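In the numbering used here, the protein residues as written are -6 to 118.
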């Protein structure tokens, strides 16, 4: 948990009081994303560009800023020239819902899956 960047810490602590196990799982996911950013830094040459497509999630009624966390992770690992484009998903027809446990589902439930995604581009300094 100490390795999480400030955006990750805010996300995990917001979930902690609602569902501790979920908060721990989200923390592991966010740490993995930070490792992905660090690995991209190792693989790319200076001037290389990393491109990600990521969606924010809603868990236990709370918006999880996956895109903000990944953007911060890229900046902290030496990327700059960050550009984020938000794209609406007008045709999310295969699995537009989530079950109460968070699984994707085609069956109508009160919880819909995000209707947008973020394209994050960053250049290695």
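Note that the Cβ used here is the ideal one computed from N, Cα and C, for glycine as well. Quick caveat, the model's predicted, so the values are computed rather than measured.
Rounded separation between residue i and residue j - CA only
i	j	result
residue 26	residue 66	8 Å
residue 108	residue 47	12 Å
residue 81	residue 113	14 Å
residue 22	residue 39	27 Å
residue 77	residue 5	23 Å
residue 74	residue 50	25 Å
residue 62	residue 56	12 Å
residue 34	residue 11	35 Å
residue 79	residue 13	30 Å
Among the options, the one whose alpha carbon lies nearest that of residue i
i	options	result
residue 59	3, -5, 10 and 14	3
residue 111	45, 56, 13 and 36	45
residue 7	37, 63 and 54	54
residue 64	-4, 115, 9 and 11	115
residue 118	41, 18 and 13	41
Residue i burial status per 10 Å Cβ neighbour count (16 or more: buried)
i	result
residue 1	buried
residue 20	buried
Cβ distance (whole Å) where residue i is taken to contact residue j below 8 Å
i	j	result
residue 43	residue 37	6 Å
residue -3	residue 15	Not confirmed; about 15 Å, so no contact.
Inter-stretch contact at 8 Å, needing at least 3 Cβ pairs: the stretch 28 to 38 / the stretch 67 to 78:
The stretch 28 to 38, when compared against the stretch 67 to 78, does touch it at the 8 Å Cβ threshold.
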